[in-house]
Amino acid sequence: MAEYDFDLFVIGAGSGGVRASRMAAQFGARVAVAEDRYLGGTCVNVGCVPKKLLAYAAQFDELFRDSRGFGWDTGAPVFDWETLIRNKDREIARLNEIYRNLLINADVTLFEARASLVDAHTVQVGDQQVTAEYILLAPGGWPWVPEFPGSDLVITSNELFHLEEFPHRALIVGGGYIAVEFASILNGLGVETQLVYRRDLFLRGFDAELRQQLAEEMQRKGVKLRFATEVERIERRGEALAVQLNDGSETEVDLVLYATGRRPSTDRLGLEQVGIRTGEQGHIEVNAQFQTSVPNIYAVGDVIGGMELTPVALAQGMAVARRLFKPELDASVNLENVPTAIFSQPNMATVGLSEEAARERYGEIRVYTAKFTQLKHTLSGNPEKTLMKLVVDAASDRVVGAHMLGPDAGEIIQGLAIAIKAGATKAQFDATIGIHPTAAEEFVTMRVPAR
Ligand code: NDP
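Its first residue numbered 1, the sequence shown is counted upward by one per residue in this note's numbering.
Here is the structure:
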């Protein structure tokens, strides 16, 4: 008879936890997973999926306008937030059920209750205690808002997905993925939108030329960007919120959304009790095998920090399942050249190094850029510019960065990421025949370096 109730107990049924549970069960392990909020975690419920649905909704206004040059007359389109949220909720509920069935069909025991560590092999789940040889912590993260006068009046992305009153005027604080994506979403849905960010240009760490171009495009589409600005305090004024900024100005809005980063969800998880080490921002410390300071306890996903992206958590969850229950399979996770996209309007996507980072790493580089108006806009009259960029290490001719700002940038960069992961050279890009007429063909026809 087995010594423990389960071989693996997973806390958190988000992207990383569900992947690890299913894989481990497929490898023959007896697995349980505990979740006290929603199946699928942040990504399915208040992240990637509903965000992308809202981003689709936000594109239509521009598409209706673009369609006129092609002979369409769509009248005056009317947007209804309630319909969008109702349909979005229906889809999320469907996905929650799919996640439940994935677990049940894989023979994973699901506890819909809060779980915390009692000791290295025991978990308190609801009102019972269960034991496991290995434990995987995948509780994810939660939006974080700094404290200041009026911080209780703001919402985060979590609440935005269920707003009862759709705002006329919104102010968004932050300069990361979430702030930029929601600024585009709200603006596209007709909200008068301002984005306040403390430094000179948002999306710190991404390629500067693309960030600059995105800022121009967003402003032109109507988002008011207020860089090098901070919020001092917020007060309720009747139905509205009065926001005092550090440039001495005041602005009145109906909604303030803070997107100032996320923190690991480690509250009441029992980490101290078991002696699991955490870092400065509370992330659980792990080694390259995702093992915590307690050897039979592992952690993956947003709770360990680093690249807080669903596909990264999936890869980590799979690696832990393999390491523990199928050691003959490769259990390494290579985070070089992880592609990523910001679903702003227009989209921005990137793989590899920015021009700035490549110059620092390689010294001598060649930079190729193409900035153009897409064929579609010759008739739509939309002045939107697409920007594409390749960064090449001069010594090896290897393409070390590919960047795009424009429609479907994420779709296009995903394909290029394979070439870059495989170490493709600029000569190999040049030897590739384009698909005409597309925007993507520019990536194989950039002949003369810009710098
Ligand atoms: P990010 O960490 O990306 O950005 C946080 C932003 O808030 C930064 O611009 C930061 O400024 C700013 N900030 C931090 N503290 C303060 C403060 N006290 N006052 C004012 N501004 C502050 O966080 P997000 O919340 O946007 O997203 C969280 C993570 O979720 C992302 O890092 C990403 O990994 C993931 N995500 C991925 C998406 C995708 O793949 N498309 C979409 C959404 C989220 P500064 O630059 O100065 O540090």
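Ideal Cβ placement from N, Cα and C applies to all residues, glycine included.
Under DSSP, Met-388 forms a beta bridge with Ala-370, Met-404.
In the displayed model, Gln-128 falls within a strand according to three-state DSSP. Set against 6 Å, the gap from the CB of Arg-199 to the closest heavy atom of the ligand NDP is smaller.
In this chain, the alpha helix (DSSP H) harbouring Lys-88 covers 81 to 105.
For Lys-224, there is no enclosing alpha helix (DSSP H); the enclosing beta strand (DSSP E) covers residues 224 to 226. With a threshold of 6 Å, the Cβ atom of Ile-155 does not count as near the ligand NDP, since no heavy atom of the ligand is closer than that. Measuring C-alpha to C-alpha distances from Gly-423 to each of Gly-175, Gly-406, Ser-396 identifies Ser-396 as the nearest. In this structure the region 10 to 20 lies against the region 39 to 46, because at least three pairs of beta carbons, one per stretch, are closer than 8 Å. Between Ser-354 and Val-180, the C-beta spacing is not below 7 Å. The DSSP-derived three-state label of Tyr-177 is helix. Using a 10 angstroms sphere on the CB of His-403, the tally of other CB atoms reaches 16 or more, which defines it as buried. Contact annotation: Ala-34 and Val-125 have beta-carbon atoms nearer than 7 Å. Checking the DSSP bridge columns, you'll see Ala-299 partnered with Leu-137.
Remark: the C-beta of Glu-308 is in contact range of the ligand NDP, defined as less than 6 Å to any heavy atom. For Pro-264, the enclosing beta strand (DSSP E) begins and ends at 262 to 264. Cβ-Cβ separation between Gly-174 and Tyr-258: approximately 7 Å, consistent with a contact (criterion under 8 Å). No Cβ-Cβ contact shorter than 7 Å links Val-231 with Thr-193. DSSP places Leu-375 outside any alpha helix (DSSP H), giving it a letter other than H or E. A check of alpha carbon separations from Ile-284 across Ala-93, Leu-136, Leu-95, Thr-373 identifies Leu-136 as the nearest. When the alpha-carbon of Gly-71 is set against those of Gly-381, Phe-429, Thr-438, Asp-408, the nearest one is in Gly-381. Taking all protein chains shown into account, Arg-211 has 16 or more neighbouring C-beta atoms within 10 Å of its C-beta and is therefore buried.
Under DSSP, Trp-142 takes part in a beta bridge, and its partners are Arg-263. The shortest CA-to-CA distance from Gly-275 to any of Thr-292, Lys-221, Val-444 is the one to Thr-292. One thing to note: Leu-245 has its Cβ no nearer than 7 Å to the Cβ of Ile-234. The DSSP-derived three-state label of Met-348 is strand. Sequence-distant partners of Ala-439 (beyond 5 residues in either direction) whose C-beta falls short of 7 Å from its own C-beta, in its chain, are Gln-374, Thr-386, Gly-406.
The secondary-structure analysis by DSSP pairs Val-448 with nothing; it has no beta-bridge partner.
Along the length of the region 264 to 332, whole beta strand (DSSP E) runs at least 3 residues long occupy 297 to 299, reported in chain order.
Counting only runs of at least 3 residues, the region 4 to 74 fully encloses the following beta strand (DSSP E) elements, listed from N- to C-terminal order: 6 to 11, 31 to 34. The criterion of a C-beta distance shorter than 7 Å is not satisfied by Val-351 and Ile-297.
Sixteen is the threshold: since fewer than 16 other Cβ atoms of the shown chains lie within 10 Å of the Cβ of Asp-267, the residue is exposed.
Beta-bridge partners assigned by DSSP to Asp-430: none are found.
When DSSP reads this structure, Gln-212 sits in no beta bridge, so it has no partner. Scanning Arg-323, Gln-128, Phe-60 for the CA closest to the CA of Ala-113 turns up Gln-128. For the options Tyr-38, Arg-237, Asp-200, Thr-310, the alpha carbon positioned closest to that of Leu-225 is the one of Asp-200.
In the assembly as shown, Arg-22 is a buried residue. Its beta-carbon has 16 or more other beta-carbons within 10 Å.
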